[in-house]
């Protein structure tokens, strides 16, 4: 087998070679083989010209002389072999097998350790010219044989059916990667060549049974187990006489060659163990077990039992009824029924089977009058003949067993609930049991429901004798989602279950049982009733809301538990839980989330971040929210609403059965207690002028969480009542902001803040000068960041004072300490002097700062005359009222114009001396001194006429309002005169028109007087008293 795999792999490799030029190929190396075992190395030539039969010459290059060729064997020259290989070639221990005209195998029957080396296959040239390769080489490495296989030689005597266990010890110590296979063999005639394989563990770690043991291996009767590394155990559960013989174990070692084929390199067999199997005693008896009297229509089972005989005999059984054969089962389990009984078996009325190796069964499912009579069984022990047929060893028959029919009697029916409770909660499962008394038979059942306040029954469910079930029209379809189930628990018990009851399920339930008999014209039936009340769930549903942390710290975690309680603790119904939230300043509840009864979660949009930081868990009657990183947005009132659905609502959109809402629960979110501690010890630093220094702010303890610190540095000068000035602030976002008095470029260059670590902040002061002397401290604020993007201040601590002093430099500024008072009238001018006791060094410059202080108010810097002559005012509005100048080398003057009463208070100056220091040189304040306070008293000035007017509020109001009143009166007078003039003008115009009319009438009258006198009379009538000349003439004409 191994040689065949070598040949196959060799030719598979050779088919990949191309033609066109001579090429010699050998099996790819290195090849590892064990000492004392054979090897075959293939060689083939392609692409040659000339005769088809080619010659091959084999040589070897040994490791001790790798360049020296040692000739082994040739197909062309019998004298080709060197003396060291000549004897082995002549004895056919080494020979060449010609497979084809262009391919051969070199065979070495028994390898020696000295055979290791590089083997070369050479083909003499038969072409017209040299073109291609004429030889090929491969390496052979001979390794020691380390395989061992051992088993204690012994003789065992066993009885048929007993178990057997044999162990084989096999190991290897090969340095190369090899696999081991183990095979167990059985020789029945003592000749090893005819050994039959029992079972083997292959090199691929697969169990492979022998052809005679395949069925027993599949049945678990034959096993091979590996115990540890070197032990292999053969187990036979039940011995058979055919297992008798000599058993031995064979171990084979396999190695994988470079061409990926596995080759056996060693093989060992153990000593033999002789096994004798004593056949079991085979004499037995046969009896039938069955009931002698059976009700008509009930099932009947007859069991044929074999007593005695061997432990695992091969038996076949035959059933007889009234001495006529009914059925036959052979030892292989093949059933043969007589024609009369084949139809009954196909209809499921009769069944013949083998229950165990020594038991046969005949079952009639519904006994009728035709089944009354005598039954007998015959059992034969058989063995398999050589031709495959069964050979009977012995045969026994049972005594006759007579079967008689018993007529069915009247039955009684009992209907009850499963828990003996006549009342259930809505949604609870209702289970009704219908138990039938009497003899066992095939029954059918129907359930009916009579609702409360009704008399007409409704069909609920029914089950026929064959198990076919039907549901009423109002009780769903026969599927997995039906609310109604009918089960047959045994032949006499039927269970009706309504998995989720409703109020309409209250009422009376009736169970009707029917029995069909063969000799009666119609079925017999019995019935029984019971009453059931379904209590509404709404009356018992209660919802409570609780939390273990109603007062939660900011950024901490809190939980909310919504618990629903009903009157029935085992009730399992779908729930929909709605969580609502009312914010602190809101009057209504908003939706947080809804967990529906079918498992979906709907989130509200009131709190955008709520979904991201909330874990939802829900069980049958418990819904819990776990909210992480609490913020002030989550502070407010919570409540949960529970809605109960029918179980069928998981698949259909059913209505709400009941609902309840919990009491409101308020959750307050407070700031955590600050644990901030800052070093409060005071210290003094004394340094040289124009040097750099650091002032530290040490954090001793701080709170945990997403915190940031804001550090503000303050400074107070050495002068009396000097205020605390804010130097700079490093806020919680590490942004640095300078104080109002430190906004200049020079100040920003001097003071720098640095966060050295989480617990250490430093204020760097560069080029320290006299004006930098004073007291420093830091104020630390602790800020907490919440997930809603807001900062919260937890606490604030102030460090101890650090006093900064300059070492004496020899320079000292002395200001006259004479205190005094100044009186000035209001709106006048005043000059306040500040004098040096000495003019100082010619290399020095001086600056002066004037301060003002008033009772109940802090000090305020008025003006600063710098050493370079620049003036800077504390407030821009002081520029027009104040002027500061140096009247002499030792005298500084503050001039105040138009003094006001509010200018009264204490004034003093601070003079600093400046000198050049460093390289490159720059001006540095190295000494300063402060004057005594000068108290300015402002006296009210003598009142003038304008001031008196301005000081009298009523007079001022009169002078302001009187002109407007006069203007209004003048305007009204002019308007009245205008109206009068216009009226007179209109009247004059009307008079002129009347005069003109009078003249015209007079002229006309002179012409018509005579005619009027002849024709009629005339007269004039005065109208009104407007004017003596205004008249109305009336003419009367006939």
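In the working numbering, the protein residues as written are 37 to 1074.
The C-beta atom is built at its ideal place from N, Cα and C for all residues, glycine as well.
Based on the DSSP secondary-structure assignment, which residues constitute the bridge partners of residue 633? None; residue 633 has no bridge partner.
Going by C-alpha distance, which of 122, 906, 124, 404 is nearest residue 329? 404
On the DSSP bridge assignment, give the partners of residue 839 in chain order. 720, 811
Residue 417: which of 376, 352, 475, 434 sits nearest, CA to CA? 352
What does DSSP give as the partner residues of residue 521 in its beta bridges? 533
Determine the contact status of residue 774 and residue 784, defining contact as a CB-CB distance below 8 angstroms. yes
Considering Cα atoms alone, identify which of 471, 931, 254, 533 is closest to residue 526. 471
In terms of alpha-carbon separation, which member of 729, 481, 142, 482 lies closest to residue 173? 142
Bounding residues of the alpha helix (DSSP H) (the contiguous stretch that carries residue 111): Counting along the chain, residue 111 falls outside any alpha helix (DSSP H), and DSSP gives it neither H nor E.
Taking all protein chains shown into account, do 16 or more other C-beta atoms lie within 10 angstroms of the C-beta of residue 267, making it buried, or fewer, making it exposed? exposed
Taking 8 angstroms as the cut-off, does the region 739-756 touch the region 613-624 (at least 3 CB pairs, one atom from each stretch)? no
Between which residues of its own chain and residue 1021 is the CB-CB distance below 6 angstroms, once the five residues before and five after are set aside? none
Which same chain residues, not among the five before or five after residue 860, have their C-beta less than 6 angstroms away from its C-beta? 866, 935, 974
When the Cα atoms are used, what is the spatial distance from residue 392 to residue 327? 20 angstroms
Look at the alpha carbon of residue 259 and the alpha carbon of residue 651, and state the distance between them as a whole number of angstroms. 54 angstroms
Counterpart residues of residue 752 in DSSP-defined beta bridges: 811
Look at residue 926 and residue 967 and say whether their C-beta atoms are less than 8 angstroms apart. no
Excluding the 5 residues flanking residue 1047 on each side, which residues of the same chain have their C-beta closer than 6 angstroms to its C-beta? At residue 1047 the pLDDT is 39, less than 50, meaning the model places this residue with poor confidence; the figure from the coordinates comes in the next sentence. Result list for residue 1047: empty, nothing under 6 angstroms.
So the beta strand (DSSP E) residue 286 belongs to, where does it begin and stop? 281-292
What residues in its chain sit with their C-beta under 6 angstroms from that of residue 303, if we drop five residues either side in the sequence? 288
Alpha carbon of residue 796 to alpha carbon of residue 733, nearest angstrom: 6 angstroms
Counted within 10 angstroms of its Cβ, other Cβ atoms place residue 86 as buried (16 or more) or exposed: exposed
For residue 118, three-class secondary structure by DSSP: coil
When the Cα atoms are used, what is the spatial distance from residue 285 to residue 279? 15 angstroms
State buried or exposed for residue 158, treating a residue as buried only when at least 16 other CB atoms are found within 10 Å of its CB. buried
Residue 784 - containing alpha helix (DSSP H), residue span: 781-786
Where residue 869 and residue 863 are concerned, what is the direct C-alpha to C-alpha distance, given to the nearest angstrom? 20 angstroms
Please classify residue 406: does DSSP put it in a helix, a strand, or coil? helix
Is the number of C-beta pairs between the region 238-249 and the region 307-324 that are closer than 8 angstroms three or more? no
Beta-carbon separation (whole angstroms), residue 518 vs residue 494, contact threshold 8 angstroms: Not quite, the Cβ-Cβ distance comes to about 16 angstroms (not below 8 angstroms), so this is no contact.
Alpha carbon to alpha carbon, what distance is there between residue 805 and residue 764? 19 angstroms
Tell whether a beta-carbon distance below 8 angstroms holds between residue 848 and residue 963. yes
Please classify residue 878 as buried or exposed, where buried requires at least 16 neighbouring CB atoms within 10 angstroms. exposed
Three Cβ pairs or more, each shorter than 8 angstroms: is that satisfied between the region 528-539 and the region 453-469? yes
Assign residue 1007 to one of three DSSP states: helix, strand, or coil. helix
DSSP three-state assignment for residue 919, whether helix, strand or coil: strand
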